[in-house]
Amino acid sequence: MENQNFEGVRAALVSVVTRGTVEEAEVGLAELERLLETAGGVCAFKMMQNKEAPDVRTYLGSGKTAELAFYCARNDVSLVVFDSELSPSQIRNLEQALGDAVRVIDRSMLILDIFALHAASGEGKLQVELAQLKYTAPRLMGKGTELSRLGGGIGTRGPGESQLETDRRHLQRRIRMLEESLAEMAENRRTQRVARDRSGLARVSIVGYTNAGKSTLLNYLTDAGILAEDKLFATLDPTTRKCRLPGGETILLTDTVGFIRNLPHHLIHAFRSTLEEATHADLLLVLVDASDTEAAAQIDVTESLLRDLGAGEKPILYVFNKCDLGVAIPGAVHGRENVLFISAATGQGVDRLLVRIEEMLHEGSRRVTFRIPNHKQGLLSVLYRNATVEEVSYGPDAVTVTAVVDAKTYGQLRDYDKEPPREESEW
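Residue numbering for the sequence shown follows numbering that gives the first Met the number 0, starting at 0 and increasing by one per position.
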């Protein structure tokens, strides 16, 4: 089903402070408002309640729920978004308390809606639909009404919307089919990855919080021509392009889906094959919006998700972007090595970035002399692409090549080393 235009939907944003500070809750609501704007909605008002624990029935206390209903009616609000995860029964009880004119969704459902809005590739649409069905469908069923009630709107749109009008058994069959299709696509992605490995090109992934400027940087470096907007999750599908470094070496540079705090579990699972691009990279560029006062917290979220994906031990270059807008929190760099400041929009510092990428990819390189049989001369192209070739001598049976190589390139050609290291640790 096509996405509809929900521009102008008036919404209330709600947060319950059970742990942490009011300031942290305000930051969460500010981010929730950005998510709402990305989905096409408008924030009519925000509401916050300090409470030891969420109410089991309505998350808010009964008095605050009545207050919320009053302000929704007074401000012509048709949507309420909670900055936390709600159970199906809580959604049902809240909607009964707020009236038929008001729909209730939680933060995860809003993020799923944005992903549905921006999914472009076939794989991306299937990933979003799977996540929607696994997370959203049980909550929609919890309303105790017919699924056909869903007529569209923030929190319900997307590739999987028409499936929500069918019965529960059909949903389960659809989930199994989606999982099988995505498993097949994941296998195809692995095959493509193996092919890229054979090319010998180093792989660099741009990762980071949503709206840090990852797509803008890829466009600047490679003329990729991908969508780069000042919106959250403008890019969902990974894009890989070739990029030439100052020394002449070509690398593969990949733009990945942005991270955000409390990313829904089912979304991480559905997009795992996409997110795993980071786990296969030789170097990670953690892009940070230097102008954002929450930069330090956003780095923490990024590092945590990278650890969850198994990429926590990868070499990292921290790239503070948008420096043309100012550096909000200089202290965010404390304790971190390999830090650069750039502006992907203006090109400031990008030349130095390319030099540093080259340096980090080749840290630990050394000079090796290879003896490559004549019938394997095609391997010379690997050295010319990924190493510094210093001397070539053609003989009757083999080519002798002296080159400065890194560990990865050496691994591809170790069988032809005239004097192989006695121990792997020598690298």
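Every residue gets a Cβ at the ideal spot worked out from N, C-alpha and C, and that includes glycine.
*With respect to the alpha helix (DSSP H) encompassing Lys213, which residues constitute its N-terminal and C-terminal limits?*
First-last of the alpha helix (DSSP H) with Lys213: Lys213 to Thr221.
*For the candidate residues Thr190, Ser180 and Leu132, whose alpha-carbon lies nearest to that of His169?*
From the listed residues Thr190, Ser180 and Leu132, the smallest Cα separation to His169 is found for Leu132.
*If you run the structure through DSSP and keep just helix, strand and coil, what is Phe369?*
DSSP places Phe369 in strand when its eight states are reduced to three.
*Excluding the five sequence neighbours on either side, which residues of its own chain have a C-beta within less than 6 Å of the C-beta of Gly123, listed in chain order?*
Excluding positions up to five away in sequence, the list reads Leu235 and Asp236.
*By the 10 Å Cβ neighbour count, where 16 or more other Cβ atoms means buried, how is Ala130 classified, buried or exposed?*
In summary, Ala130 is buried, with 16 or more beta-carbon neighbours lying within 10 Å of its beta-carbon over all protein chains present.
*Okay, do the stretch 355 to 375 and the stretch 391 to 409 touch, 3+ Cβ pairs below 8 Å being the bar?*
Cβ pair count under 8 Å is three or more, so yes.
*Span of the alpha helix (DSSP H) holding Asn210?*
Under the DSSP assignment, Asn210 falls outside any alpha helix (DSSP H); it carries neither an H nor an E label.
*asked:* Looking at Tyr317: is its Cβ nearer than 8 Å to the Cβ of Arg335?
replied: Yes; because the gap between Cβ atoms is below 8 Å, this pair is in contact.
*Of all the options Ala24, Asp405, Val80 and Pro53, which has the alpha carbon lying nearest to the alpha carbon of Leu34?*
Checked all of Ala24, Asp405, Val80 and Pro53; the closest Cα to Leu34 is Val80.
*DSSP state of Val326, grouped into three classes?*
Three-state result, Val326: coil.
_Asp414 burial status per 10 Å Cβ neighbour count (16 or more: buried)_ = It is exposed - the Cβ of Asp414 has fewer than 16 other Cβ atoms within 10 Å.
_Within the stretch 267 to 295, ranges of the alpha helix (DSSP H) (whole runs, at least 4 residues)_ = You should have 271 to 274.
_Backbone secondary structure at Lys417 - three-state DSSP_ = Reduced to three states, the DSSP call for Lys417 is coil.
*Express the C-alpha separation of Phe69 and Arg148 in angstroms, rounding to a whole number.*
Confidence is the limiting factor: at Arg148 the pLDDT is only 41, short of 50, which leaves the residue's position unreliable and the question unanswerable from this model.
*Looking at C-beta atoms only, is the number of pairs between the stretch 320 to 334 and the stretch 239 to 249 that lie closer than 8 Å three or more?*
Touching, no.
*Starting from Ser83 and walking both ways along the beta strand (DSSP E), at which residues does that stretch end?*
Per DSSP, Ser83 lies in no beta strand (DSSP E) and is assigned neither H nor E.
*Can you give me the Cβ contacts of Lys230 inside the same chain, cut-off strictly under 6 Å, excluding the 5 residues immediately before and after it?*
Excluding positions up to five away in sequence, the list reads Thr37.
*Taking the C-alpha atoms as reference points, what is the distance between Pro137 and Pro87?*
Between Pro137 and Pro87, the C-alpha separation is close to 7 Å.
*asked:* Measuring only the C-alpha atoms, how far is Asn447 from Asp99?
replied: It is not possible to answer for residue 447, since the shown part of the chain is limited to 0 through 426.
_Please return the same chain residues whose Cβ sits closer than 7 Å to the Cβ of Ser364, not counting the five positions on each side in sequence._
Same-chain partners within the cutoff: Val403, Val404 and Asp405.
*State the Cα-Cα distance for the pair Leu252 and Ala52, rounded to the nearest angstrom.*
When rounded, the distance between both Cα atoms is 45 Å.
*Selected residue, minimal CA-CA separation from Leu109, among Gln89, Val21 and Asn261*: Checking every option, the nearest Cα to that of Leu109 belongs to Asn261.
*State the DSSP-derived secondary structure class of Leu132, mapped to helix, strand or coil.*
Helix, per DSSP.
_Straight-line gap, Ile267 to Leu274 (C-alpha atoms, nearest Å)_ = Distance between the alpha carbons of Ile267 and Leu274 is about 8 Å.
*Residues bridged to Glu390 by DSSP?*
BP columns for Glu390 point to Thr401.
*Is there at least one non-hydrogen atom of the ligand NAD closer than 7 Å to the beta-carbon of His117?*
The model depicted lacks the ligand NAD and carries no ligand whatsoever.
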